[in-house]
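K.L.:
Residue numbers (the numbering used here): 1 to 728.
1. Answer with buried or exposed for residue 131, where buried requires no fewer than 16 other C-beta atoms within 10 angstroms of its C-beta.
2. Does DSSP put residue 76 in a helix, a strand or coil?
3. Out of curiosity, what's the CA-to-CA distance linking residue 712 and residue 688?
4. Could you tell me which whole beta strand (DSSP E) segments of length 3 or greater appear in the stretch 553 to 616?
5. Could you tell me which residues DSSP pairs with residue 194 in its beta bridges?
6. Here's the rule: buried if 16 or more other CB atoms are within 10 angstroms of the residue's CB, otherwise exposed. What is residue 66?
7. Below 8 angstroms on the Cβ atoms is my guess for residue 107 versus residue 118; work out the distance and round it to an integer in Å.
8. Taking the alpha carbon of residue 554 as the point to measure from, which residue in 455, 244, 702 and 523 has its own alpha carbon closest?
9. Could you check if residue 704 is buried or exposed, using at least 16 other CB atoms within 10 Å of its CB as the buried criterion?
10. How would you call residue 71, buried or exposed, if buried means at least 16 neighbouring beta carbons within 10 angstroms?
11. Is there contact here, the stretch 479 to 497 with the stretch 75 to 83, by at least three beta-carbon pairs under 8 angstroms?
12. For residue 494, which residues of its own chain have a beta-carbon under 8 angstroms away from its beta-carbon, when the five flanking residues on both sides are left out?
13. Are there 16 or more other CB atoms within 10 angstroms of the CB of residue 667, so buried, or fewer, so exposed?
14. If you drop the 5 nearest sequence neighbours on each side, which residues of the same chain put their C-beta closer than 7 angstroms to that of residue 12?
15. Note down the Cα distance separating residue 351 from residue 309, rounded to an integer number of angstroms.
16. Need the endpoints of the beta strand (DSSP E) that residue 419 sits in, please.
17. Give the range of the beta strand (DSSP E) segment to which residue 488 is assigned.
18. Quick test of the definition: if touching needs 3 or more C-beta pairs under 8 angstroms, does the stretch 434 to 446 touch the stretch 467 to 482?
19. Rounded to the nearest angstrom, what separates residue 515 and residue 535 at their Cα positions?
20. I believe residue 469 touches residue 452 by the beta-carbon criterion, under 8 angstroms. Please report the beta-carbon distance rounded to the nearest angstrom.
21. Quick check: the Cα distance between residue 33 and residue 466, rounded to an integer number of angstroms?
22. Please check if any C-beta of chain C sits within less than 8 angstroms of the C-beta of residue 72.
23. Can you give me the Cβ contacts of residue 321 inside the same chain, cut-off strictly under 7 angstroms, excluding the 5 residues immediately before and after it?
24. Sort 176, 472 and 471 by Cα distance to residue 192 and report the nearest one.
25. Is the beta carbon of residue 421 less than 8 angstroms from the beta carbon of residue 378?
26. Taking C-beta to C-beta, are residue 435 and residue 408 nearer than 8 angstroms?
27. Out of 476, 390 and 683, state which residue places its alpha-carbon closest to the alpha-carbon of residue 672.
28. Do residue 336 and residue 68 count as a contact pair if the criterion is CB distance below 8 angstroms?
29. Can you tell me which of the three DSSP states residue 13 falls into?
30. Alpha carbon to alpha carbon, how far is residue 111 from residue 3? Give it in angstroms, no decimals.
31. Can you confirm whether the stretch 314 to 332 touches the stretch 356 to 371 when touching is taken to mean that 3 or more C-beta pairs between the two stretches lie within less than 8 angstroms?
32. Could you give the DSSP three-state label for residue 319: helix, strand or coil?
33. Mind checking residue 189: buried by the 16 CB within 10 Å criterion, or exposed?
34. Between the C-alpha atoms of residue 392 and residue 58, what's the straight-line distance to the nearest angstrom?
35. Going by beta carbon distance, what residues of the same chain come within less than 6 angstroms of residue 278, once the five residues before and after it are set aside?
36. Does DSSP put residue 695 in a helix, in a strand, or in coil?
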C-alpha cells in the first residue's frame with residue numbers, strides 16, 4: 001500500500017509538471033516514482049547508479065588525539081551528486097571538522113531521523129576517533145539504553161545496507177541514581193550510583209540546593225564546611241551539621257599587620273603615598289586583631305536541607321561508599337556510558353535535572369583536570385529540554401536554570417577541554433541562544449515552513465534550498481559547516497537500537513539477548529504455543545507446566561524459553577526442575593541474531609544503599625525544636641546543648657551557678673567550696689564541669705581569686721529550665 005507521504009509528494013510533483021514547470025529536486029521525484037512503481041507492481045528491482053560523495057568526520061593526526069582508524073574513515077553520510085557534475089566524488093566530499101571539538105546540533109521535525117543521526121555520529125566518534133561516548137539525556141521512554149542493542153528498525157537496516165554496514169550493539173553501562181523507585185530486577189549492564197562527598201564542590205552544593213548567589217561569604221562558608229568534612233570524616237551527616245552551624249551567626253577574627261610610618265613617602269604635591277619596595281626599610285609593623293560578627297546565612301540552611309533530602313533519597317553518600325560514581329575510571333573504559341534517570345519517583349522529578357547537572361559538571365571538570373583521558377562526546381537528545389530558551393515555560397525553574405548554565409559553559413568552553421556537545425531539537429529557537437550559537441555545525445533534516453523561516457534569518461536560504469528543506473525524505477538533510485551548505489545528504493542511520501513507541505524497552509532487551517517475550521495482550525501467544533507442555537523462566541531457571549486453563553503461562557514482559565531452545569544434552573526437563581544458569585546462557589546465545597557485547601541478562605538489584613531519610617528528618621526536627629525552645633525559654637546559645645542533657649546533670653549545672661550567684665561575700669574560691677555549698681556535686685565533678693566549655697566553661701570565671709558568673713552564666717540561671725523540662 002502506498003504511504004501517505006509518497007502520495008502527497010507525487011501529487012505535488014504532478015501539480016508542478018501540470019504547470020509546465022520542473023520539480024526542484026529531480027532525485028526526489030525519481031525516488032517517489034520508484035516507490036509508486038514498486039507498490040503498483042511495475043518494478044521489482046532497481047540499481048541506483050547515482051554518484052555519491054562520502055560525508056566523513058575529519059581524520060585527526062594530533063599528539064594524544066589521533067584517530068584510531070588507519071586508512072579511510074567510515075562515512076556517516078553521502079552527498080548525492082548531479083549526473084552531469086564534472087568533479088569527482090572525492091573533490092566534493094564534505095568533511096566535518098572536529099579538531100577543536102566543534103559542537104554539532106541536528107534540527108528536524110519529529111520522526112525524521114535526528115536522534116538516529118546523532119547516535120550514528122557518536123558511534124563513529126567512538127569507533128574511529130579518540131572519543132568516549134556519554135549519552136546524557138533520556139526523555140522518559142528509555143531510548144538511550146538501546147545503544148547496547150543492534151538496530152531492529154527495518155528502515156534503518158535498509159539504510160545501513162546502502163552504506164555497506166549492518167546493525168551493531170555497543171558495550172554499554174547504564175547508570176541509574178540509587179534512589180527509591182529503581183525496579184527490583186534490571187539487566188546486568190545497569191549500575192546504581194551515588195555521589196560521594198569527596199566529589200562535591202561549593203558550587204555544586206549550591207546547584208543541588210537550587211541556590212544562585214555571587215556572595216563570596218556564602219561560598220567561603222560552604223567551602224569551609226565541605227573542606228573540613230572532606231579532610232576528616234567524609235560523612236554526609238557531618239557536612240549537614242557543619243552547614244547548619246555555619247549558617248548561624250558566628251564571630252570571625254582577622255589578623256592585621258599595620259603598615260609602618262616609614263613605608264610611606266610624600267609625592268610632589270605633598271600627598272602621602274605608599275613607597276616603592278626598594279625604598280622601604282625592613283620593619284615590623286604593629287599586629288592587631290579585628291573581631292567582627294558574620295550574620296546568619298539562610299542559604300547555608302537551604303544547602304543543608306538539600307543535602308539532607310538527597311542523602312535521604314539515597315543519592316548523596318559518604319566518601320568511600322561502594323556505589324559512589326567514579327567517572328575518571330569510567331573515562332578509561334572502552335564502552336558507552338548512559339545516564340538514565342527514568343526510575344525516579346514523581347516526587348523527585350526535579351532531581352532529574354540536578355543529577356544531569358552533576359553529570360555534565362563532572363565530565364567537564366574531569367577533562368579539565370585529566371587531559372590524558374579520551375575526548376568526550378556528550379550525546380544530548382532533545383537539548384531544548386536541558387537548555388530551553390524560555391525558563392518561564394518550564395517546571396523546576398531553578399534546577400533547569402542551573403543545568404542550562406552548565407550547558408552554556410560547555411558550549412562556550414568545551415572545545416578547549418576537548419568536550420564535544422552533540423544535540424538534537426525540533427525547533428532551533430527553543431534552544432537557549434547562548435548554547436545554540438556556540439554549536440557551529442548544524443545538520444538540518446526535513447523542516448516545517450515556520451522553522452525554515454526562523455533559520456533563514458541566519459543562513460539566507462535560496463528558494464530552491466527552502467523547497468528542499470521542506471521535501472527531504474526521512475534521514476536526508478543539509479549540512480551547514482564552515483560557511484558551506486552541502487545537500488542533499490543521505491545520513492547513515494544509527495547502527496544501535498533507538499526508541500520505539502510500540503515496544504517496552506525491557507522486552508526489546510530480552511529479544512536482543514535471545515529470550516522469548518510476551519509483549520502484549522492479543523499477541524497470539526496462546527494460539528501459537530498452547531500445544532507446548534513446558535516453559536522456563538529465564539531469571540530463576542524454573543521449569544513450569546504450561547496450563548492455559550489455570551493461566552500458568554509467562555506473564556507479559558516475562559523472559560522465557562522452551563525446552564526445545566536448550567542444548568540437546570540439557571534435555572529433557574520436567575516441571576519443577578531448575579535449569580542451571582550456564583544452560584540458560586547457552587540457550588540464549590544460540591537464539592541471538594547479533595553479537596551483543598554487553599551482558600543484558602536479568603539480575604535482582606541489591607539495595608545496599610543506607611537510607612538516611614528517617615534519621616536526617618528526625619535530626620532536622622530535633623534542630624528546629626532546639627531553636628524553638630531556646631527562643632521561647634531564653635536559653636543562651638552557648639549552653640543550648642544543655643537541652644539534650646539528662647535532667648539530673650542539667651540540675652547540677654544550675655545548682656552550681658545559683659550558689660556562685662548567691663555568694664556575695666566572695667567565699668567560693670575553690671571547687672571544694674562550691675561542692676560544699678551545693679552539698680550535691682562532688683569537688684572533682686565541679687572542676688570537670690568548670691573546665692569544660694560544653695558544660696560550665698562559658699558560664700564561670702575567676703575574678704580576684706573568687707568564682708563569678710559571666711554574662712552567659714547570668715542568662716543561664718534566668719532561663720526557664722522548668723518550662724524546658726515540660727516541653728521535653
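A virtual CB, placed ideally from N, CA and C, is assigned to each residue, including glycine.
From a predicted model like this one, the values you see are computed outputs, not experimental measurements.
P.N.:
If we stick to the structure as given:
1. Answer is buried; the Cβ neighbour count reaches 16.
2. coil
3. Counting only the Cα atoms, residue 688 lies some 18 angstroms from residue 712.
4. 559 to 561 and 602 to 604
5. 324
6. exposed
7. The pair is not a contact, with the Cβ atoms about 11 angstroms apart (cut-off 8 angstroms).
8. 523
9. exposed
10. Residue 71 comes out exposed.
11. yes
12. 115, 116, 117, 119, 120, 123, 151 and 156
13. exposed
14. none
15. 10 angstroms
16. 419 to 425
17. That run of the beta strand (DSSP E) goes 484 to 491.
18. yes
19. 12 angstroms
20. Between residue 469 and residue 452, the beta carbon gap of about 5 angstroms places them in contact (Cβ cut-off 8 angstroms).
21. 22 angstroms
22. Among the chains of the structure shown, chain C does not appear; only one protein chain is present.
23. So the qualifying residues of the chain are 194 and 196.
24. Among 176, 472 and 471, the Cα nearest to that of residue 192 belongs to 176.
25. Against a cut-off of 8 angstroms, the Cβ pair of residue 378 and residue 421 comes out as a contact.
26. yes
27. 683
28. Using a Cβ distance threshold of 8 angstroms, residue 68 and residue 336 do not count as a contacting pair.
29. The answer is helix: DSSP assigns residue 13 an H, G or I state.
30. 15 angstroms
31. yes
32. coil
33. buried
34. One Cα belongs to residue 392, the other to residue 58, and the distance between them is close to 40 angstroms.
35. Because the pLDDT of residue 278 is 44, which lies under 50, any placement of that residue in the model is unreliable, and the number read from its coordinates should be weighed accordingly. Within the same chain, residue 278 has no close Cβ partners at all.
36. Coil, per DSSP.
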